[in-house]
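In my numbering, the protein residues as written are 6 to 208.
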């Protein structure tokens with residue numbers, strides 16, 4: 006309700022060795038659960054991302070106000086920026102690499118952190134699923150349609166995706182496609198919804 010006062014949430018760092026807690030910031034938000042969803046540590050545990058702001062362990066703000074949604078990369082304290090396109094940026098907000106000029110509706114990193122799969126399209130153009138290689142800086146289209154959710158196989162060789170049913174009688178399905186060029190889409194399950202992919206060791 007725009008007329009109602011927002012929630013006020015204080016963010017704190019609480020050392021587990023008994024040292025005094027340190028208040029980071031006081032934020033005005035529209036729901037306390039939104040704060041919880043937007044707290045995440047950097048992979049090296051040296052920085053805290055809180056509502057598009059990054060703090061160090063001393064409670065100092067070390068980032069600008071980012072222009073869109075930001076998320077940690079899997080293996081280093083850089084960030085994925087998803088706003089008006091997709092980029093990899095530093096804590097200071099400097100662009101390191103441009104992934105794509107379009108906004109991603111859904112994305113997921115491979116288990117080894119070397120590849121990023123993402124879905125784009127909709128109102129202004131056709132749907133597509135692409136994979137960006139963080140080592141080579143190259144992006145390639147895997148499929149010319151959408152899929153949600155989007156998940157990696159345990160060995161990072163395939164993408165698994167769900168397709169939703171619609172009012173025209175199309176049934177939800179679960180499919181799989183190789184991330185290599187020219188891979189063919191394979192139907193895994195008909196009339197089923199993809200919830201999650203869990204790596205399972207084969208003996």
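Heads up, the beta-carbon is just placed ideally off N, CA and C, and yes, glycines get one too.
Who are the Cβ neighbours of residue i in its own chain at under 8 Å, not counting the five residues just before and after it?
{"i": "residue 63", "result": "27"}
Alpha carbon to alpha carbon, what distance is there between residue j and residue i?
{"i": "residue 56", "j": "residue 45", "result": "9 Å"}
{"i": "residue 2", "j": "residue 190", "result": "Residue 2 is absent from the structure shown; the chain starts at 6 and stops at 208."}
{"i": "residue 75", "j": "residue 93", "result": "9 Å"}
{"i": "residue 99", "j": "residue 176", "result": "44 Å"}
{"i": "residue 23", "j": "residue 80", "result": "29 Å"}
{"i": "residue 90", "j": "residue 208", "result": "43 Å"}
Using the beta-carbon count (16 or more within 10 Å), is residue i buried or exposed?
{"i": "residue 83", "result": "buried"}
{"i": "residue 17", "result": "exposed"}
{"i": "residue 135", "result": "buried"}
{"i": "residue 159", "result": "exposed"}
{"i": "residue 260", "result": "Only positions 6 to 208 of the chain appear in this structure, which leaves residue 260 out of reach."}
{"i": "residue 73", "result": "exposed"}
Please state whether the Cβ-Cβ distance between residue i and residue j is less than 8 Å.
{"i": "residue 60", "j": "residue 71", "result": "no"}
{"i": "residue 193", "j": "residue 181", "result": "yes"}
{"i": "residue 109", "j": "residue 124", "result": "yes"}
{"i": "residue 156", "j": "residue 184", "result": "no"}
Can you give me the Cβ contacts of residue i inside the same chain, cut-off strictly under 6 Å, excluding the 5 residues immediately before and after it?
{"i": "residue 137", "result": "104, 121, 144"}
{"i": "residue 114", "result": "79, 121"}
Residues in its own chain within less than 7 Å of residue i by CB, not counting five upstream and five downstream?
{"i": "residue 117", "result": "161"}
Since residue i and residue j are thought to touch, with beta carbons under 8 Å apart, how far apart are those beta carbons, to the nearest angstrom?
{"i": "residue 96", "j": "residue 67", "result": "6 Å"}
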